[in-house]
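Engineer: Just dropping this structure here.
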Amino acid sequence: MMRHLPAVLLGTAALALAACATPVPPVEVTRFHSEAVAGWAPGTRYVIDEVPLADTTGMTSGIQPSLEWDSYRTAVERQLRLQGLVPAEGAATSTAPLKVRIGFERADRGVAAKRSPVSVGVGGSTGSYGSGLGVGVGINLGGGPREMDNLRLSVRIDDAATGQALWEGRALAAIPAKAPAAQPSLAAAKLSEALFKDFPGESGRTITVP
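Just so you know, the sequence shown maps onto residues -18 to -1, 1 to 192 in mature numbering (1 follows the signal peptide of the UniProt record, and there is no 0).
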């Protein structure tokens, strides 16, 4: 039995490496923002709204936070810190100038194909997220018989005092449902990193992040 142990270990290691090397499909990102975003100084404080951001179509993954939502919150907060923003704590939460709202949705391809486009706007200028399929311009829903998960991460940063949207964006990706990349922690990290790439991004432009 001992002679076969190295082969077993090698096989296990190979599977682990394959999971780590699993490619994540490209992410489609669109952002909108006002000029106020450029004025945020490093150290500007923010608070997270504990109620998940509702989809503007009225379809949400639920009105209460979930374990998967927590994965996206953790990933988004990491990106906020990389932009120099700081989470408010204790009494400072009541005076933090920024409020961050986070939403995510996971839907199978059949459900997503029937949805309407999602429209959002900042400062009266409205942009449209989504094609007629309602899952984003240029997203390949995947060929062949594989089950696909359509993942959407939504983040909106508001002026906490007025409730006015200062920055908002959507990150969309279609991932095989059974792929390691569809796991909440991996998907959250990928979508949030893509969403905040070159923050604040070009307002109104849709990009594809490999």
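Glycine included, each C-beta is placed from N, C-alpha and C at the ideal position.
With DSSP as the reference, label G114 as helix, strand or coil.
Structural biologist: The predicted model places G114 with a pLDDT of 30, which falls under 50 and marks its position as unreliable; any figure quoted below should be read in that light. Looking at G114 - three-state DSSP - the assignment turns out to be coil, as it is neither helix nor strand.
Engineer: Please report how far the alpha carbon of A147 lies from the alpha carbon of V137, in whole angstroms.
Structural biologist: 11 Å
Engineer: Within 10 angstroms of its Cβ, does G118 collect 16 or more other Cβ (buried), or is it exposed?
Structural biologist: Any answer about G118 is weak, because its pLDDT of 37 lies below 50 and its placement is not dependable; what the coordinates show is given next. Within 10 angstroms of the beta-carbon of G118 lie 16 or more other beta-carbons, which makes it buried.
Engineer: Is A170 closer than 7 Å to A36 when the C-beta atoms are compared?
Structural biologist: no
Engineer: Please classify V9: is it buried, with 16 or more other beta-carbons within 10 angstroms of its beta-carbon, or exposed?
Structural biologist: Buried, because 16 or more other Cβ atoms sit within 10 Å of the Cβ of V9.
Engineer: The beta strand (DSSP E) spanning V137 covers which residue range?
Structural biologist: M130 to D141
Engineer: Across the segment 73 to 81 and the segment 19 to 27, are there enough close Cβ pairs to call them in contact, namely three or more that are closer than 8 Å?
Structural biologist: Contact holds: three or more Cβ-Cβ distances are below 8 Å.
Engineer: Roughly how many whole angstroms lie between the Cα atoms of V82 and R187?
Structural biologist: 21 Å
Engineer: Report the option in P182, E175, Y54 and T190 whose CA atom is closest to the CA atom of Q61.
Structural biologist: E175
Engineer: Report the rounded CA-to-CA distance for S113 versus L154, giving the unit in angstroms.
Structural biologist: Here S113 scores only 31 on pLDDT, less than 50, and its place in the model should not be relied on; the value that follows carries that caveat. When rounded, the distance between both Cα atoms is 12 Å.
Engineer: Starting from the N-terminal side, write out each stretch of the beta strand (DSSP E) that is 3 residues or longer and does not extend beyond the segment 136 to 188.
Structural biologist: Counting only runs of 3 or more, we get 147 to 158.
Engineer: Can you pull the DSSP bridge partners for E10?
Structural biologist: L154 and T190
Engineer: With DSSP run on the structure shown, which of helix, strand or coil describes E17?
Structural biologist: Look at E17 here: in three-state DSSP terms it is helix.
Engineer: Am I right that L135 and L177 are in contact with their C-beta atoms under 8 Å? What's the rounded C-beta distance?
Structural biologist: L177 and L135 do touch by the CB rule: their CB atoms are close to 6 Å apart, below 8 Å.
Engineer: Going by DSSP in three states, residue 193 sits in which element: helix, strand or coil?
Structural biologist: Coverage of the chain is limited to positions -18 through 192, which leaves residue 193 absent and any answer about it impossible.
Engineer: Does DSSP put A74 in a helix, a strand or coil?
Structural biologist: helix
Engineer: Of all the options W22, M130 and W51, which has the alpha carbon lying nearest to the alpha carbon of P162?
Structural biologist: M130
Engineer: Compare the C-alpha of E71 against each of L80, Q165 and Q65 and name the closest.
Structural biologist: That would be L80, whose Cα lies nearest to the Cα of E71.
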